[in-house]
Amino acid sequence: MAASRLIDRRMGIFLAGLFVLTVAVPVGNLWIAGQPVPTYLVALIGKYLCYALLAVALDLVWGYCGILSLGHGAFFALGGYAMGMYLMREIGARGVYANPVLPDFMVFIGWKHLPWYWLGFDHFWLAAIMVVAVPGALAFVFGWFAFRSRVTGVYLSIITQAMTYALMLAFFRNEMGFGGNNGLTDFKDILGFDLASHETKVGLMMLSAVALAAGLLLARWITTSRLGKVLVCLRDAESRTRFLGYRVEHYKLFIFTVSAMMAGVAGALYVPQVGIINPSEFSTANSIEIVIWVALGGRGTLVGAALGAILVAGAKTLLTGWFPELWLFALGALFVLVTIALPNGVLGALEGGIGRLRRGTPTREAEA
Amino acid sequence: MTFVLRIVVVLLTLAGAQHAGAADFAKLVNALPHGSYHERADVVREIGKTGNPRAVEVLQALANDDLKVMADGTVVIVDDKTGAAVGAVEGASLGTPSADSLTRVRVNNMVRRAIRTATGMLTLRSPDPAKRLAAARDALRSASPDQIEALDAAIGAETDAGVKALLTEARAAAVLKTDAATTEKVAAIRLLEARGDEAARAALSPLATAKDPEIARAVTSALASIAETQRMWRLAQNVWYGLSLGSVLMLAAVGLAITFGVMGVINMAHGELVMLGAYTTFVVQQVIRADAPWLFGWSLAIAAPLAFVVAGAVGIAIERGIVRHLYGRPLETLLATWGVSLILQQAVRTIFGPDNRDVGNPGWMSGAFPLGQMQVTWNRLWILIFAFAVFAALLFVLKRTPIGLQMRAVTQNRAMAANMGIRTGRVDALTFGLGSAIAGLAGVALSQIDNVSPNLGQNYIVDSFMVVVFGGAGNIWGTMAGGFALGIANKFLEPFTGAVLGKIVILVGIILFIQKRPRGLFAVKGRAVEA
Numbered sequence: 001m002a003a004s005r006l007i008d009r010r011m012g013i014f015l016a017g018l019f020v021l022t023v024a025v026p027v028g029n030l031w032i033a034g035q036p037v038p039t040y041l042v043a044l045i046g047k048y049l050c051y052a053l054l055a056v057a058l059d060l061v062w063g064y065c066g067i068l069s070l071g072h073g074a075f076f077a078l079g080g081y082a083m084g085m086y087l088m089r090e091i092g093a094r095g096v097y098a099n100p101v102l103p104d105f106m107v108f109i110g111w112k113h114l115p116w117y118w119l120g121f122d123h124f125w126l127a128a129i130m131v132v133a134v135p136g137a138l139a140f141v142f143g144w145f146a147f148r149s150r151v152t153g154v155y156l157s158i159i160t161q162a163m164t165y166a167l168m169l170a171f172f173r174n175e176m177g178f179g180g181n182n183g184l185t186d187f188k189d190i191l192g193f194d195l196a197s198h199e200t201k202v203g204l205m206m207l208s209a210v211a212l213a214a215g216l217l218l219a220r221w222i223t224t225s226r227l228g229k230v231l232v233c234l235r236d237a238e239s240r241t242r243f244l245g246y247r248v249e250h251y252k253l254f255i256f257t258v259s260a261m262m263a264g265v266a267g268a269l270y271v272p273q274v275g276i277i278n279p280s281e282f283s284t285a286n287s288i289e290i291v292i293w294v295a296l297g298g299r300g301t302l303v304g305a306a307l308g309a310i311l312v313a314g315a316k317t318l319l320t321g322w323f324p325e326l327w328l329f330a331l332g333a334l335f336v337l338v339t340i341a342l343p344n345g346v347l348g349a350l351e352g353g354i355g356r357l358r359r360g361t362p363t364r365e366a367e368a
Numbered sequence: 001m002t003f004v005l006r007i008v009v010v011l012l013t014l015a016g017a018q019h020a021g022a023a024d025f026a027k028l029v030n031a032l033p034h035g036s037y038h039e040r041a042d043v044v045r046e047i048g049k050t051g052n053p054r055a056v057e058v059l060q061a062l063a064n065d066d067l068k069v070m071a072d073g074t075v076v077i078v079d080d081k082t083g084a085a086v087g088a089v090e091g092a093s094l095g096t097p098s099a100d101s102l103t104r105v106r107v108n109n110m111v112r113r114a115i116r117t118a119t120g121m122l123t124l125r126s127p128d129p130a131k132r133l134a135a136a137r138d139a140l141r142s143a144s145p146d147q148i149e150a151l152d153a154a155i156g157a158e159t160d161a162g163v164k165a166l167l168t169e170a171r172a173a174a175v176l177k178t179d180a181a182t183t184e185k186v187a188a189i190r191l192l193e194a195r196g197d198e199a200a201r202a203a204l205s206p207l208a209t210a211k212d213p214e215i216a217r218a219v220t221s222a223l224a225s226i227a228e229t230q231r232m233w234r235l236a237q238n239v240w241y242g243l244s245l246g247s248v249l250m251l252a253a254v255g256l257a258i259t260f261g262v263m264g265v266i267n268m269a270h271g272e273l274v275m276l277g278a279y280t281t282f283v284v285q286q287v288i289r290a291d292a293p294w295l296f297g298w299s300l301a302i303a304a305p306l307a308f309v310v311a312g313a314v315g316i317a318i319e320r321g322i323v324r325h326l327y328g329r330p331l332e333t334l335l336a337t338w339g340v341s342l343i344l345q346q347a348v349r350t351i352f353g354p355d356n357r358d359v360g361n362p363g364w365m366s367g368a369f370p371l372g373q374m375q376v377t378w379n380r381l382w383i384l385i386f387a388f389a390v391f392a393a394l395l396f397v398l399k400r401t402p403i404g405l406q407m408r409a410v411t412q413n414r415a416m417a418a419n420m421g422i423r424t425g426r427v428d429a430l431t432f433g434l435g436s437a438i439a440g441l442a443g444v445a446l447s448q449i450d451n452v453s454p455n456l457g458q459n460y461i462v463d464s465f466m467v468v469v470f471g472g473a474g475n476i477w478g479t480m481a482g483g484f485a486l487g488i489a490n491k492f493l494e495p496f497t498g499a500v501l502g503k504i505v506i507l508v509g510i511i512l513f514i515q516k517r518p519r520g521l522f523a524v525k526g527r528a529v530e531a
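Protein sequence lines correspond, in order, to chains A and B.
When you line the first sequence up against our numbering, it's residues 1 to 368, in that order.
When you line the second sequence up against our numbering, it's residues 1 to 531, in that order.
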C-alpha cells in the first residue's frame, strides 16, 4: 500500500527514467569504447540533477504550501559553501602557498589563524552535517519570525529576497572568510577521490541521481501524509485552516525548514561537480530562476518541478552556447508565457488538458 | 599659491582692465634690472602699490627667474618651457628670442619676501570679491607674519563683509606667529575659535604647547570648541548625504508604491523602467550633441517629459498585455514582470551595448558650493528638489483630480468602486502607467549620478522594494518616510560599518521590522487589506 501511495504513475515513469539514466551514463562513459557519453556531459547531467533536487525543494514550499520563497538560492549556496569549506580543507598543503591549514585565499589576505567557524571542516562528517544544518537553521530562525508574525504573500517573497541579497553582500566581503568574490575553488579531491577523474565525476552524478530520487520520495511522502493535506489546506485557505484549530505557522515552519535542508543537499552535491562556489550563487536572479523551473514544470507536482529544472537548465546551456544574446529574451518570454498560458505548467497542461476542456475553465490551483 | 595667482593674473589680463598710472608702472618695471638688491626690493614694493593688473604676473615671473632683459633693454617674461617671450609692461608677444640674447633679472631672499608681500596685497585688492576671498583664504592658510601689514591695509579698504571677516581671521592667524602681546594673541585665538573649521584648527594647534599659560589655556578650550563645531558639521553633512540618498530612494520607490498599493501588483520590471528613463536621457543628449549643441543646458528638461511618456507607455503596455490577465494572483504577477524585466534588460543591452553610456551633466547640475563647513553638490541638490516636486505633483494628482479619486476608490474597495460605475480596468491601466512614468522620471534623475548601463534597474530594485515594504504599501507618505529614514540610517551607519556592512545591517533591520509590523510603517487599514 505504501509503495503505491508514494509512487503514482508520473513518479514511477520519472524514477524509471532516472534509473535508466543512472545506469546508461556510467556505462556510456566508462565502459563503452569511444566514450559515447563524454565526461563533460556527465558533469552537466550531474549539475542538472542537483538543480532538479533544488526545484523539488522549492515545489514543496511553493506548490504545496503557497510560500513563494525567493531565498532558495541562498539555502542552496549555503549548502554549497559548507561542502566547499570541506573541499578547501581537503586541499591541505597542495595549495599555491602550501599552507597545510589555511586555504590559499586566507594566506593571501594575510590571516594567521583559521577562523573558529572553519574549525572541524577537515572532517567530512561535520561538513555533511553542516550542509543540512546551516540552511535548516537559517530557514528555521527566519521562518520562526516570519510565519509567527503572519508575513505572507508578496511581503514574504520580498523579505526572502532581502535575506538572499544581504547574504550575497556579506559573502562578497573578504572579511567574512569565505574567499570574497572569488569564492571557494581549486578543489582537488573528495574523501580521497580525485575530483578530476572520470570515475569520481560519474560517481557524483550517480549520487545526485540517488539524492534526487530520495528527495522526490521524501517530498511525496510528506505531501501524501496527513500533514501534507493540512499544507494544501492552508495554502488554499489559510485563515480557514487556522480557525479549524491548526497551528498554521508550525506547519509552515516545518515544511520551510525541510525544504531548505533539501536545497542545502542539492548545493553540496553541485559544488564538487562544477568545482566552484562563489557569492553570485546568492544573486536574486538565481533564486527567481528556480521559481520558473517549478512554474514551467508545474507547481505542486514534484516530478514536474524536477523536469522543469532539467528543461530550463538544458535550454540555457544550449541557447547560451548558440545565441548568447537570445537567452535572456527566451527566459523572459518563458516567465511571461508560463504564468499566463500555462498556470499548471507543462505537466499540468499535459495531464489535465482533457479535463480542463471538459470543464471549460482552467483549474486554478492555489493562490497565496 | 602660485597656481591661484597665475589664474588671477590670467583672468585680470583677459578682463583687460587698465588702470591709471600705466606710465608709472612701465617706468618701475624698466627700473627693475638696475640697482642693488635693496633698490630692487623698493621697486617691487612700489609696483605692488600701483595695483596694475599686470603687476602680479611680472612679480611672479621675477620670483621664478622668468623675468629677463633683451639686448635692446626691453624687459620680457619668458616661458621657461617654450622660450616664448612677452613684453613685461604691455603683455604683447615678442616671439622666441634666443636664450643667449637674454639677461636674467636676479633676486635674493630679501627681494623674494618683498615680492610675496606685494603680490599678496595685489590680489587682496582685486576688484573681484571671489578673488579677494580666495586670496584671503590663502593668507589664512599660510598665516605668515610678514603679511600682517598687507592684511591691515586690505581690511581697511575691504567693503565685502564676508571677505573682511576672513581677512580679519587671516590676520589673527598671522598674529599668533608673531611675538605680539598676550592679550592680542588671546583675542586672535577667540576670533579663530569662532571660525571653528579645519583652517582655524591648523592655525591654533601648534600653540597648544605654548609657554604662556594663558595662551595655552585659551588654545586648549578653543580647540575643544572647534572639535565640537566640526562634529556638528560632520553630523550635518551626514544628514545631507542621507537626505540625498533618501530622495533617490524615494524617487525610485514611489512609482512602485503606487502600483503595489493600488493594485497589489509587484512590478519587478520597475527597475528596468527607471533604466528606460535614463536611456531616454542618453538618447536626448545624443541628439542634442549632434544637432543642437546650444540646447544642452535644456537636455534634462526635454528628457524628463519624454522619459515620462516612454516609461508610461511601456508600463501601460505591460499592464494591458500581461498584468491584466493575472489580477488576484500576485505571485504570478511577480514572475511575469520579472520576465519582462529580463526582456527589457536584454533589449537595451542589444541596442545600446553592455557598457556604461555617457550622460553629461548640464552646467547648472555640475559643481558644488560650500555651505558652512560642508560641500553641497548641485546635482544632489537638484535631485532632492526634483524628488519633492514629483512627490508634490503625485500627491496633487491623487488627492485633487478625478482620476486620483478613482484610483483611491479602487484601492480601498475594488468591487464597490466598480459598482459605482468606475471602470476599474481603465483605472488599473492608468495607475500602472503613472507608476511606470514616475519610474522614468527617476531614471532621468539617476542618469545624473549613476552609471547608465543595462544593470541600472537591478541595482535599485531591492532597495526600492525595501522602501515600499518599510513605508507600507499603498501610502505614498509612507514611501517618503521610508525613503528618507533608510537613506539617513544608511549614511549614519556607513562611517561605523563601511558601506556594504551598513547595507546588510539595514536589510536585516527591515526583515526584523517586518516581523513587528507586517504591513509596514503606515499600514493601510480596513477590509481591503486581507483580500
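Ideal Cβ positions, reconstructed from N, Cα and C, are used throughout, including at glycine.
Within the region 465 to 478 of chain B, the residues whose Cβ lies closer than 9 angstroms to some Cβ of chain A are F465, M466, V468, V469, A473, listed in chain order. Around the beta carbon of P103 of chain A, a 10 Å sphere encloses 16 or more other beta carbons of the protein chains shown; the residue is thus reported as buried. Listed along chain B are Q346, R349, T350, each with a C-beta nearer than 9 angstroms to that of E325 of chain A. With respect to the 8 angstroms criterion, T96 of chain B and A85 of chain B are classified as neighbours on the basis of their beta carbons.
Here the C-alpha atom of K27 of chain B lies approximately 37 angstroms from the C-alpha atom of K177 of chain B. In the structure shown, the three-state DSSP call for R357 of chain B is strand.
Relative to the Cα of A347 of chain B, the nearest Cα in the group A:V338, A:F329, A:P324 belongs to A:F329.
Listed in chain order, the non-local C-beta contacts of S447 of chain B below 6 angstroms within the same chain comprise A278, T281, V359, local neighbours out to five positions each way being set aside.
Sequence-distant Cβ neighbours of S101 of chain B in its own chain, meaning closer than 7 angstroms and more than five residues away, are M70, A71.
Contact of G339 of chain B with chain A is assigned, a C-beta pair being separated by under 8 angstroms. Relative to the Cα of L295 of chain B, the nearest Cα in the group B:I316, B:T229, B:P362 belongs to B:P362. Against chain A, the CB of A336 of chain B has a partner CB under 8 angstroms away; the residue lies at that interface. Under the Cβ criterion of 8 angstroms, V462 of chain B is counted among the residues facing chain A. Within 8 angstroms of the CB of A313 of chain A, no CB atom of chain B is found; the nearest one sits about 16 angstroms away. If the five residues before and after A437 of chain B are omitted, its C-beta is found closer than 6 angstroms to the C-beta atoms of F308, A311, G312, all from its own chain and listed in chain order. DSSP assignment within the region 264 to 323 of chain B yields the following whole alpha helix (DSSP H) runs of 4 residues or more, N-terminal first: 270 to 291, 299 to 321.
For Q375 of chain B, there is no enclosing alpha helix (DSSP H); the residue is found in the beta strand (DSSP E) stretching over 374 to 377. Just measuring C-alpha positions, the residue of B:N455, B:T431, B:L306, B:L371 sitting nearest T350 of chain B is B:N455. Within chain A, the residues placing a beta-carbon under 7 angstroms from that of I511 of chain B are I159, A162, M163, ordered along the chain. Between K503 of chain B and chain A, the shortest Cβ-Cβ separation is below 8 angstroms. In the DSSP annotation of this structure, the continuous segment of the alpha helix (DSSP H) that includes L434 of chain B starts and ends at 424 to 446.
Looking at the backbone, the Cα of G421 of chain B and that of V248 of chain A are separated by about 39 angstroms. The alpha-carbon separation between L342 of chain B and R242 of chain A amounts to approximately 38 angstroms.
Using a CB distance cut-off of 8 angstroms, P518 of chain B counts as an interface residue toward chain A. If you draw a straight line from the Cα of G162 of chain B to the Cα of M275 of chain B, it comes to about 44 angstroms. In this structure, the CA atom of V61 of chain A is about 43 angstroms from the CA atom of L384 of chain B. In the DSSP assignment, G87 of chain B is bridged to B:V76. In its chain, beyond the 5 residues on either side, K491 have a beta carbon closer than 7 angstroms to the beta carbon of Y241 of chain B.
Identification of chain A residues near L276 of chain B by a Cβ-Cβ cut-off of 7 angstroms yields none; the smallest Cβ-Cβ distance measures about 15 angstroms.
Note that the C-beta distance between R10 of chain A and V303 of chain A is below 8 angstroms. Residue contact with chain B for I292 of chain A: present (Cβ-Cβ distance below 8 angstroms to some residue of chain B).
Within chain A, not a single residue places a beta-carbon under 7 angstroms from that of L249 of chain B; the smallest gap is close to 14 angstroms. Nearest in C-alpha terms to A166 of chain A, of all of B:A485, B:V505, B:M263, is B:V505.
Between T223 of chain A and L70 of chain A, the gap from beta carbon to beta carbon reaches 8 angstroms or more. A439 of chain B is positioned such that its CB atom lies no closer than 8 angstroms to that of L326 of chain B. Using a Cβ-Cβ cut-off of 8 angstroms, L507 of chain B counts as an interface residue toward chain A, since at least one Cβ of chain A sits closer than that to its own.
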